[in-house]
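To keep things clear, I will list the structure first and then write my remarks on it.
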Amino acid sequence: GESVGLHLPTLSVQEGDNSIINCAYSNSASDYFIWYKQESGKGPQFIIDIRSNMDKRQGQRVTVLLNKTVKHLSLQIAATQPGDSAVYFCAEGSGGSNYKLTFGKGTLLTVNP
Amino acid sequence: GAGVSQTPSNKVTEKGKYVELRCDPISGHTALYWYRQSLGQGPEFLIYFQGTGAADDSGLPNDRFFAVRPEGSVSTLKIQRTERGDSAVYLCASAGQGTDTQYFGPGTRLTVL
Chain A
157 GESVGLHLPT LSVQEGDNSI INCAYSNSAS DYFIWYKQES GKGPQFIIDI
207 RSNMDKRQGQ RVTVLLNKTV KHLSLQIAAT QPGDSAVYFC AEGSGGSNYK
257 LTFGKGTLLT VNP
Chain B
6 GAGVSQTPSN KVTEKGKYVE LRCDPISGHT ALYWYRQSLG QGPEFLIYFQ
56 GTGAADDSGL PNDRFFAVRP EGSVSTLKIQ RTERGDSAVY LCASAGQGTD
106 TQYFGPGTRL TVL
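Heads up: the sequence lines are chains A and B, in that order.
Mind the numbering: the first sequence is residues 157 to 269 in my numbering, read in order.
Mind the numbering: the second sequence is residues 6 to 118 in my numbering, read in order.
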């Protein structure tokens, strides 16, 4: 079936470095993508989203890149801080069904002080 | 403003019992979603409400699961004859009218003994 997956299950970075979290998706009909951050014991927190008519979108310290040719999505976090330590999920919604998000397994980001 | 709230935060029950999980969406949000998250996995879609009606319940695993949203605001997820395999975190999310961004609550951790 269709799925969203992550290349790296864990990522460890030094405080102040930039982080890149990658995600591959398989549903070519997906046209909405979203990144969530989930801290232990909490619900997913919205970070940034992007639609398939864009290839890049920037937020505060975060940038999402979308490459539809290879079905790849990435989240870049600038100047990573200890508070960024969490599990990061990408999710996709396909045309007309954005409400039904399909999540990947997640990447655990650890920021070392 | 207040985010999505869920009660209880934790629920421990015995196999075969009935449970109800409550979700209070962000005020004014018309769309409401239920997801289930098992340990180490991303959330999995269960059901989606637009207003009072269930627009899509294709993610409910079987007929032991049922959800209602009688007044288009608060929703209750009901699980009959609970099984140990139902143990998970049940997440609720809501979205404003005409938007796709889903904002999640903290979840209810259900443990079936």
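Beta carbons are placed, not taken as given, at the ideal position from N, Cα and C, and that holds for glycine.
Keep in mind it's a predicted model, so treat the numbers as computed, not measured.
Below 8 Å on C-beta distance, what does residue i contact in chain B?
i, result
"A/Lys227", "Near A/Lys227 there are no residues of chain B at all, since even the closest Cβ is about 17 Å away, more than 8 Å."
"A/Lys261", "Gly45, Gln46 and Gly47"
Please classify residue i: does DSSP put it in a helix, a strand, or coil?
i, result
"A/Pro165", "coil"
"A/Gly239", "helix"
"B/Arg89", "helix"
"A/Ile203", "strand"
"A/Asp173", "coil"
"B/Gln42", "strand"
"A/Asn178", "strand"
"B/Tyr53", "strand"
"B/Thr104", "coil"
"A/Ser159", "Caution is warranted here: a pLDDT of 48 is assigned to A/Ser159, below 50, making its placement in the model unreliable, and no coordinate value can be reported."
"A/Gln216", "coil"
"A/Ala185", "coil"
"B/Thr35", "coil"
"B/Asn15", "strand"
Under 7 Å between beta-carbons, which chain A residues line up against residue i? List them in chain order, please.
i, result
"B/Gln85", "In chain order: nothing, as chain A lies at least about 24 Å away."
"B/Tyr53", "Tyr255 and Lys256"
In whole angstroms, what separates the C-alpha of residue i from that of residue j?
i, j, result
"A/Gln201", "A/Gln194", "6 Å"
"B/Gln107", "B/Val17", "27 Å"
"B/Ser10", "B/Pro111", "7 Å"
"A/Gln214", "B/Ala98", "24 Å"
Since residue i meets chain B, which of its residues come closer than 7 Å, beta carbon to beta carbon?
i, result
"A/Gly215", "Under the 7 Å cutoff, chain B gives no residues; its nearest Cβ is about 12 Å from A/Gly215."
Relative to chain A, which residues along the stretch 26-38 of chain B have a C-beta separation below 8 Å, given in chain order? Ala36 and Tyr38
Just by C-beta distance, which residues in the stretch 95-111 of chain B are closer than 7 Å to chain A? Leu96, Asp105, Thr106, Gln107, Tyr108, Phe109, Gly110 and Pro111
Evaluate the contact criterion for the stretch 29-37 of chain B versus the stretch 52-61 of chain B: three or more CB pairs, one atom per stretch, below 8 Å. yes
Short-range partners of chain A found in the stretch 68-79 of chain B, where Cβ spacing is below 8 Å: none
Stretch pair the stretch 248-267 of chain A + the stretch 175-187 of chain A: three plus CB contacts closer than 8 Å: Here the stretch 248-267 of chain A lies against the stretch 175-187 of chain A, with 3 or more beta-carbon pairs under 8 Å apart.
Using 8 Å as the Cβ pair cut-off and three pairs as the minimum, do the stretch 167-179 of chain A and the stretch 213-230 of chain A touch? yes
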